[in-house]
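In the working numbering, the protein residues as written are 11 to 85.
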Amino acid sequence: MYFEDGSVFVEKQDQCMTCSNFVKGVACPLLQALGMGVVTLDGVMYVTNCGFYKEHVRHLRLIQNDEQKIDNTEE
Ligand code: SF4
Numbered sequence: 011m012y013f014e015d016g017s018v019f020v021e022k023q024d025q026c027m028t029c030s031n032f033v034k035g036v037a038c039p040l041l042q043a044l045g046m047g048v049v050t051l052d053g054v055m056y057v058t059n060c061g062f063y064k065e066h067v068r069h070l071r072l073i074q075n076d077e078q079k080i081d082n083t084e085e
């Protein structure tokens, strides 16, 4: 994670990549504080245990492909 030209950049190594706060883009106290300039970051910091981490769990479900269904019925 680093701060440049008024923006916070998160890197692959940061725990943020799998954090629901980062995915939703709003509710992270650390990112908000950095973005508002309340706290500053010297150099690069890898976020590994910030204390606010909430794992983002993807919920995927299979749906029927209607186009394929139509193609199959036309044959
Ligand atoms: S809560 Fe922590 S892990 Fe999540 S986005 Fe904020 S700094 Fe990253």
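By construction, the Cβ of each residue, glycine as well, lies at the ideal position given by its N, Cα and C atoms.
In the three-state reduction of the DSSP assignment, Glu21 falls in the coil class, being assigned neither a helical nor a strand state. Residue burial annotation: Phe19 is exposed, with fewer than 16 other C-beta atoms found within 10 angstroms of its C-beta.
The ligand SF4 approaches Gln25 closely enough that one of its heavy atoms is under 7 Å from the residue's Cβ. Cys38 sits in coil when the DSSP states are folded into three classes, being neither helix nor strand. For His69 and Thr28, the gap between their C-alpha atoms comes out near 14 Å.
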